[in-house]
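Student: My questions will all concern the structure given below.
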Amino acid sequence: MTERHYIFGPVPSRRLGFSLGVDLVPYKTCTQDCLYCQLGPTDKTTLERKEYVPIVEVLAELREVLREGGRIDWITLSGSGEPTLNLKIGELIPEIKKLTKIPVAILTNGTLLIYPEVREALREIDLVVPSLDAGSEENFRRVNRPYPELSLKKLVRGTADFAAGFSGQVWLEVMLLKDINDSGDELEQIARRIKTIRPENVQLNTVVRPPADAEARALDHDQLRAAQKFLQSQLVSIPVEIVAGFSGKRDKVMNEDIRMAILTYLKRRPATLGDLSATFGLHRNEVIKYLGHLLEEKKIKERLSGREKYFVCSAEENPGLWG
Ligand code: SF4
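Residues 270 to 592, numbered by the numbering used here, are exactly what the sequence shown covers, in order.
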């Protein structure tokens with residue numbers, strides 16, 4: 270198999286089964302710098318749309334992966350940043366559709382849906398999963414730390430305009446952070462914004478993977494259930510579900526050899542997400558899945574050094590490593 274630059278996985282995903290990831294921008298090219306971003310901090314947010322990665326090469330890699338066969342439930346435009354920043358996304362989607370009948374999804378922060386050309390570019394896709402993590406402008410700035418020209422009002426307007434003219438599905442993801450956007454008042458404002466967007470469903474999440482900033486803390490299961498109950502009472506006909514996993518059980522499709530290899534590596538030395546991605550030849554998003562599970566199992570811990578986050582084996586796993 271030749272080296273892949275833009276296609277990764279299939280990654281086991283709670284919502285999309287075996288999801289083949291397509292990465293359309295370089296690492297952390299994004300309009301936002303979310304507090305909870307599992308990829309780490311965005312050095313500089315941007316609104317500049319261009320062909321960050323060549324679509325011709327993306328399609329060539331995709332063709333090859335599809336030829337290899339194997340189970341793929343969704344082709345998902347996601348990855349290292351905001352995929353709609355790639356100017357050629359509107360040309361890519363119909364080309365993917367010509368290659369395969371596998372449905373195509375996009376995970377987007379939704380900020381660029383303010384532009385009619387971006388809404389038009391996503392017209393042929395099957396599923397759009399945009400985000401809404403705040404009910405107030407203040408919390409939008411605090412949680413999503415967007416490019417200065419962006420606002421929550423614009424984000425909601427753009428997402429609502431898109432959803433109104435779209436024939437596919439819109440699943441709206443809401444990331445809740447403890448003591449930041451989970452108050453009754455904030456949830457009420459979030460519900461009001463969701464009513465404007467009118468998605469097919471609302472998916473509540475919280476930080477169960479390593480976040481960018483230690484300030485981003487998870488709600489526990491009971492708190493998430495309470496938020497779900499409250500939002501459901503406000504939204505009535507729009508289903509609200511919890512997508513964050515608390516079971517601590519590993520995804521059935523998680524590769525045990527890779528999981529053990531990462532753990533063994535961390536027993537010997539601390540490593541960043543980028544180190545592990547380079548060492549194991551895996552996309553950062555794949556490594557994050559394994560790290561998330563190892564963190565949930567308390568087999569590893571996070572250590573901050575400046576702005577760089579390291580993963581280390583927990584004291585129980587290796588008492589001698591860092592006393
Ligand atoms: S979570 Fe998504 S939108 Fe937020 S900074 Fe990370 S890549 Fe960008």
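Glycine included, every Cβ here is placed at the ideal spot set by N, Cα and C. Values in this document were obtained by computation on a predicted structure and should not be read as measured data.
1. In this structure, does DSSP put Q307 in helix, strand or coil?
2. Flag this pair as touching only if the stretch 396-408 and the stretch 352-370 have three or more C-beta atom pairs under 8 Å; answer yes or no.
3. Nearest to I375 by CA position, among L368, I344, Y384, P385, is which residue?
4. Exposed or buried, what is H274 when buried is set at 16 or more other beta-carbons lying within 10 Å of its beta-carbon?
5. Would you mind stating whether V294 and S349 have Cβ atoms separated by less than 8 Å?
6. Flag G350 as yes when its Cβ comes closer than 7 Å to any non-hydrogen atom of the ligand FAD, and as no otherwise.
7. Provide the residue(s) that pair with G290 in DSSP beta bridges, ordered along the chain.
8. Give the C-beta separation of T548 and Y534 to the nearest angstrom, bearing in mind that I take them to be a contact with Cβ-Cβ under 8 Å.
9. Whether or not the stretch 441-448 and the stretch 456-475 are in contact is what I'm after, with contact meaning three or more pairs of Cβ atoms, one per stretch, closer than 8 Å; do they touch?
10. Starting from the C-beta of K422, find all residues in its chain whose C-beta is less than 8 Å away, skip the five residues before and the five after it, and write them out in chain order.
11. Going by DSSP, what residues sit across from N378 in a beta bridge?
12. When the Cβ atoms of the stretch 385-403 are set against those of the stretch 421-436, are three or more pairs found closer than 8 Å?
13. Run through DSSP, which three-state label would K422 get?
14. Does DSSP classify F435 as helix, strand or coil?
Tutor: In this structure, then:
1. In the structure shown, Q307 adopts coil according to DSSP, grouped into three states.
2. No, the stretch 396-408 is not in contact with the stretch 352-370.
3. Among L368, I344, Y384, P385, the Cα nearest to that of I375 belongs to I344.
4. With fewer than 16 other CB atoms across the displayed protein chains lying within 10 angstroms of its CB, H274 is exposed.
5. S349 sits close to V294, with the two beta carbons spaced by under 8 Å.
6. Looking for the ligand FAD in the displayed structure turns up nothing; the ligands present are the ligand SF4.
7. G290 is bridged to F277, T345.
8. Sure, about 7 Å apart at Cβ, within 8 Å.
9. Per the Cβ contact rule, the stretch 456-475 is in contact with the stretch 441-448 (3 or more Cβ pairs under 8 Å).
10. For K422, same chain residues with a beta-carbon under 8 Å away, outside a window of 5 residues either side, are E406 in chain order.
11. The partner list for N378 (beta bridge, DSSP) is empty, contrary to what the question assumes.
12. Look at the beta carbons and you see the stretch 385-403 touching the stretch 421-436: at least three pairs across the two are nearer than 8 Å.
13. Here K422 sits in helix by DSSP.
14. The answer is coil: DSSP assigns F435 none of H, G, I, E or B.
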